[in-house]
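**Q**
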Amino acid sequence: MSETASSPIRALIAPVTPLAQNCTIVWCVKTMKAAIIDPGGEVPRLLGALAAHGLTLEKIWITHGHLDHAGGTADLKAITGVPIEGPHRDDAFWIDQMEESGAKWGMPEAKCFTPDRWLEDGDTVTLGETSFEVYHCPGHTPGHVVFFHREARFAQVGDVLFQGSIGRTDFPRGNFQQLIDSITGKLWPLGDDVAFVSGHGPMSRFGIERRTNGYVADDVLAGD
Ligand SMILES: [Zn+2]
Ligand SMILES: [Zn+2]
């Protein structure tokens, strides 16, 4: 993301859970109000990071209903009382099986929850005095959403796209072609200069992936 003094937001990546999921704390610089995107677990550590940066939590944003992204949501909500926004309603079936998956994958603290607001393509979510755009990007899960800050040229894309890779599509209701369409139809138009945080691994930019990504680079999709 833009680290210039004029950027209205800042972001801090805090990997959580045994899957090293990139939980992201974003905040409005002017008001110091923060959103935690994808609190998969380790809630006390996330609260500590908020305090260390002098931030007040205002929102919990969820990209999709997978355990490593959303397992700590219910605990964070119980402690802070702030609204949960996202994912899209089509991920309800994943959220509903959170406790079973948690028991199976060694994250027994994971709990089900009901978002205060399900998100749709084209929605806006506010944070302090700034706002993010919401894009519905199905394929990895049917209800996956992406958060984009236009002025800061910053996106949190969850498990849609990674540096050099794309999200898995072999889960129930995953769909490879739908994922490719989400990436090329929803993410690429935002601009090559957009820096993104993925659910796992390092940050990258859309333009770099359009040149080098073995799944979705322009020449790969063109069949060259
Ligand atoms: Zn996932
Ligand atoms: Zn993930």
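For any residue, its number in this note's numbering is found by taking its place in the sequence shown, counting from 1, and adding 1.
All C-beta atoms, glycine included, are put in the ideal place defined by N, C-alpha and C.
Apply the 10 Å Cβ neighbour rule to Ile80 and answer buried if 16 or more other Cβ atoms are within range, or exposed otherwise.
**A** Taking the first residue of the sequence shown as 1, we reach residue 80 at position 79. Around the C-beta of Ile80, fewer than 16 other C-beta atoms lie within 10 Å, and the residue is accordingly described as exposed.
**Q** Around the Cβ of Gln178, are there at least 16 other Cβ atoms within 10 angstroms (buried) or fewer (exposed)?
**A** The residue labelled residue 178 in the question sits at position 177 within the sequence shown. Label assigned to Gln178: exposed.
**Q** Candidates Glu43, Gly123, Ala12: which alpha carbon is nearest Met33's?
**A** Here residue 33 refers to the residue found at position 32 when the sequence shown is read from its first residue. Checking every option, the nearest Cα to that of Met33 belongs to Ala12.
**Q** For the putative contact between Gly168 and Gly140, defined by C-beta atoms under 8 Å, what is the C-beta separation to the nearest angstrom?
**A** Mapped onto the sequence shown, residue 168 falls at position 167. Mapped onto the sequence shown, residue 140 falls at position 139. Between Gly140 and Gly168 the Cβ distance is about 7 Å, and since that is below 8 Å, they are a contact.
**Q** Looking at Phe207 and Leu180, is the spacing between their C-beta atoms short of 7 Å?
**A** Against the sequence shown, residue 180 aligns to sequence position 179. Against the sequence shown, residue 207 aligns to sequence position 206. No; because the gap between Cβ atoms is not below 7 Å, this pair is not in contact.
**Q** What residues come near ligand 1, if near means a beta carbon less than 5 Å from any of its heavy atoms?
**A** With the cut-off at 5 Å, the residues found are His67, Asp160.
**Q** Compute every distance between the C-beta of Gly200 and the non-hydrogen atoms of ligand 2, then say whether any falls below 6 Å.
**A** One-based indexing of the sequence shown puts residue 200 at position 199. Yes, Cβ of Gly200 sits closer than 6 Å to a heavy atom of ligand 2.
**Q** Hey, Ala111 and Gly103 are a contact pair by Cβ (cut 8 Å); roughly how many whole angstroms apart?
**A** As a position in the sequence shown, residue 111 is number 110, starting the count at 1. As a position in the sequence shown, residue 103 is number 102, starting the count at 1. Rounded, the Cβ-Cβ distance is 3 Å, consistent with contact.
**Q** Any idea what DSSP makes of Phe163, helix, strand or coil?
**A** Here residue 163 corresponds to residue number 162 of the sequence shown, with the count starting at 1. If DSSP states are grouped into helix, strand and coil, Phe163 belongs with the strands.
**Q** State yes or no: is the C-beta of Asp219 nearer than 6 Å to some heavy atom of ligand 2?
**A** Against the sequence shown, residue 219 aligns to sequence position 218. Outside the cutoff, so no.
**Q** Pick out whichever of His150, Asn214, Ser199, Arg211 has its Cα sitting closest to the Cα of Glu65.
**A** To locate residue 65, count along the sequence shown from 1; it is residue 64. At residue 65 the sequence reads His, which differs from the Glu that was named. Closest by alpha carbon: Ser199.
**Q** Here's a check: name, in chain order, each residue in its chain whose Cβ is nearer than 6 Å to the Cβ of Met2, leaving out the five neighbours to either side.
**A** Locating residue 2 in the sequence shown gives position 1, where the first residue counts as 1. Below a pLDDT of 50, predicted positions are generally treated as unreliable, and Met2, at 47, falls in that range; no measurement from the model is reported.
**Q** Leaving out five residues before and five after Gln157 in sequence, what residues of the same chain have Cβ atoms less than 6 Å from its Cβ?
**A** Taking the first residue of the sequence shown as position 1, residue 157 is located at position 156. The answer, listed in chain order, is Thr25, Ile38, Phe148, Val198.
**Q** Would you mind stating whether His145 and Ile10 have Cβ atoms separated by less than 7 Å?
**A** Position 144 of the sequence shown holds residue 145. Position 9 of the sequence shown holds residue 10. Against a cut-off of 7 Å, the Cβ pair of Ile10 and His145 comes out as no contact.
**Q** Taking the runs of the beta strand (DSSP E) that are 3 residues or longer, which of them lie wholly in the segment 53-118?
**A** 57-62
**Q** Is it buried or exposed, Ala52, if we count other Cβ atoms within 10 angstroms and call 16 or more buried?
**A** Position 51 of the sequence shown holds residue 52. Ala52 is exposed by the Cβ-count criterion.
**Q** Over what stretch of residues does the beta strand (DSSP E) that includes Ser199 continue unbroken?
**A** Translated into the one-based positions of the sequence shown, residue 199 becomes position 198. Looking at the DSSP string, the run of the beta strand (DSSP E) that includes Ser199 is 196-199.
**Q** Terminal residues of the continuous alpha helix (DSSP H) containing Val126?
**A** Translated into the one-based positions of the sequence shown, residue 126 becomes position 125. Where Val126 is concerned, there is no enclosing alpha helix (DSSP H), although the beta strand (DSSP E) it sits in stretches over 125-128.
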